[in-house]
Amino acid sequence: MQADEDLMRQHYCDLKDRPFFPGLVRFMSSGPVVAMVSPFILFSPECDSRAL
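Basically this note's numbering = 1-based index in the sequence shown + 123.
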């Protein structure tokens with residue numbers, strides 16, 4: 124699966140004002156990504172999936 128730049132801009136929208144944002148979007152859309160569904164997110168909205 125490969126995410127396009129528009130999807131990456133939406134996903135990382137909270138970082139859009141940071142100086143590294145354009146590079147992050149380019150990097151994350153430059154190759155395949157792994158989609159993940161975590162049961163922790165379904166049961167605990169406070170869970171930060173990036174900490175898993």
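We treat Cβ as the ideally placed atom computed from N, Cα and C, and that holds for glycine. In this text the structure is predicted, and so the values were computed from the model without any measurement.
Taking the C-beta atoms as reference points, R132 is found nearer than 9 angstroms to V148. Within its own chain, the residues whose Cβ lies closer than 6 angstroms to the Cβ of M151, once the five positions on either side in sequence are excluded, are M131, listed in chain order. In its chain, beyond the 5 residues on either side, V148, S152 have a beta carbon closer than 6 angstroms to the beta carbon of E128. Within the same chain, and ignoring the five residues on either side of F144 in sequence, the residues whose Cβ sits closer than 8 angstroms to its Cβ are Y135, L138.
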